[in-house]
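Asker:
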Amino acid sequence: TAVRFTDYAPMVFRRLREMFQIDRAVYIHSIGPEQVISNLLLGSLSSLCELVSEGKSGALFYYTADGRYIIKTVSRSAAAELRRLLPAYYEHFVQNPDSLLTRCLGLHAIKHAYPSRRKLSTLANQVQQKTYFLVMENLFHTPVPIHRRYDLKGSSYKRTLAPEIRVDPTVALKDNDLEREGEKIDIGPEKAARLLKQLQQDANFLCVHRLMDYSLLIGIYYANKNAGYGGGFMMRFVGVQHKPSDERRQHSALLEAGVRGSR
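Note that UniProt numbering has the sequence shown beginning at 1, numbered continuously upward.
1) Using C-beta distances below 7 Å, list every residue in its chain close to residue 221, excluding the 5 sequence neighbours before and after it, in chain order.
2) Thinking C-beta only, is residue 173 closer than 7 Å to residue 161?
3) Specify, as a first and last residue, the run of the beta strand (DSSP E) that residue 148 falls within.
4) Starting from residue 71, trace the beta strand (DSSP E) in both directions and tell me its first and last residue.
5) Quick check on residue 20: buried or exposed, where buried means 16 or more other Cβ atoms within 10 Å of its Cβ?
6) DSSP three-state label for residue 7, please.
7) In chain order, what residues of the same chain have a beta carbon less than 8 Å from the beta carbon of residue 15, not counting five sequence neighbours either side?
8) How many angstroms separate the CA atom of residue 93 from the CA atom of residue 164?
9) In whole angstroms, what is the alpha-carbon distance linking residue 24 and residue 5?
10) When you compare each of 74, 197, 107 to residue 9 by their alpha carbons, which one comes out closest?
11) Compute the distance between the beta-carbons of residue 139 and residue 234, then report whether it is under 7 Å.
12) What residues are listed by DSSP as bridge partners for residue 218?
13) Using 7 Å as the threshold, is the C-beta distance between residue 67 and residue 149 below it?
14) Rounded C-beta distance between residue 198 and residue 99? I'm assuming under 8 Å.
15) Could you tell me which of 224, 228, 203, 31 sits nearest to residue 102, measuring between CA atoms?
16) If you measure between the beta carbons of residue 79 and residue 132, is that distance less than 7 Å?
17) Verify whether the separation of the beta carbon atoms of residue 70 and residue 136 is less than 7 Å.
18) Return the bridge partner residues of residue 131 from the DSSP annotation.
19) Using CA atoms only, rank isn't needed, just tell me which of 183, 175, 85, 193 is closest to residue 208.
20) What's the C-alpha gap between residue 74 and residue 168?
21) To the nearest angstrom, how far is the alpha carbon of residue 44 from that of residue 61?
22) Who pairs with residue 229 in a beta bridge, going by DSSP?
23) Near residue 153, what residues of its chain come up, given a Cβ to Cβ distance below 7 Å and the 5 sequence neighbours on each side ignored?
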């Protein structure tokens with residue numbers, strides 16, 4: 001089997017990883033060919049853990065073995081759209097160091113050819129397959145357990161989980177569940193003002209680039225005096241790209257936003 005690996009915009013993503021203070025050695029250890037490529041090619045999840053949800057686009061999500069990063073398979077059109085957005089995405093982080101947009105760390109593709117089922121197998125009749133995948137930072141890779149998760153859209157329509165699902169702490173509750181629980185995060189007026197300002201700047205970015213249908217993903221952990229840590233939260237502005245056109249609506253790469261803080 002012939003394999004070809006493509007690393008898109010390597011210098012841009014390298015600068016982004018440096019901006020995000022991601023250690024090169026740790027990243028290579030998690031995303032190196034021996035850790036990821038062989039598993040994607042062979043369809044084996046021995047060193048990758050598949051997430052339960054495939055998302056609206058039908059893409060597959062995987063954790064790396066150490067849990068630090070999420071790998072999302074994307075379509076060819078989604079990869080092309082992300083490459084088109086990359087200059088503006090990079091500039092947004094340069095201008096907004098505290099941006100809450102997701103930390104996209106790399107865009108890659110694997111192209112491999114294998115013989116067809118014909119009796120006479122030649123280069124001409126080999127079957128070729130190309131897999132694109134996006135690497136993102138996992139917001140919930142933390143040294144503390146996440147006790148509560150919410151996925152909020154600011155709407156009440158179909159935003160309630162079934163009771164039998166709500167008991168699973170790894171499942172994100174929805175808007176009506178939050179109203180029912182009555183849970184609040186108190187970060188004080190100054191932090192709240194900064195957070196809202198940054199959310200607005202990132203929302204403007206999403207609007208300019210016609211990204212829609214996003215929600216706010218929140219993870220909450222409670223104080224544990226025995227373990228020596230206080231309570232806190234993290235949040236991510238999650239949106240699936242919808243770019244309407246005269247002919248069709250395209251679903252493209254996932255863009256997220258994240259922030260961490262103490263309660």
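Where a beta carbon is used, it is the ideal one built from N, C-alpha and C, also for glycine.
Answerer: To lay it out plainly:
1) A distance below 7 Å between beta-carbons, with the five flanking residues on each side excluded, links residue 221 to the following residues of its chain, in chain order: 144, 145, 146, 147, 231, 232.
2) Residue 173 is positioned such that its CB atom lies closer than 7 Å to that of residue 161.
3) 148-152 is the span of the beta strand (DSSP E), which, as asked, contains residue 148.
4) According to the DSSP assignment, residue 71 belongs to the beta strand (DSSP E) that extends over 69-74.
5) Residue environment analysis places residue 20 among the exposed positions, since fewer than 16 neighbouring C-beta atoms fall within 10 angstroms of its C-beta.
6) Here residue 7 carries a strand assignment [DSSP, helix/strand/coil].
7) Excluding sequence neighbours, residue 15 sits near 90.
8) Approximately 41 Å, taken between the alpha carbons.
9) Residue 24 and residue 5: Cα-Cα distance of roughly 19 Å.
10) Checked all of 74, 197, 107; the closest Cα to residue 9 is 107.
11) Cβ distance < 7 Å, so residue 139 and residue 234 count as in contact.
12) Beta-bridge analysis with DSSP links residue 218 to 150, 235.
13) No.
14) The beta-carbon separation of residue 198 and residue 99, rounded to 7 Å, stays under the 8 Å limit for a contact.
15) Minimum Cα distance to residue 102 is reached at 203.
16) Yes, the Cβ-Cβ distance between residue 79 and residue 132 is below 7 Å.
17) In this structure, residue 136 lies closer than 7 Å to residue 70 by Cβ.
18) Residue 131 is bridged to 110.
19) With distances taken between CA atoms, residue 208 lies nearest to 85 out of 183, 175, 85, 193.
20) Straight-line Cα distance between these residues: approximately 28 Å.
21) Model confidence at residue 44 stands at a pLDDT of 47, short of 50, so the residue's coordinates are unreliable and nothing is read from them.
22) Bridge partners of residue 229: 224.
23) Excluding residues within five positions, the ones whose Cβ falls inside 7 Å are 159, 175, 215.
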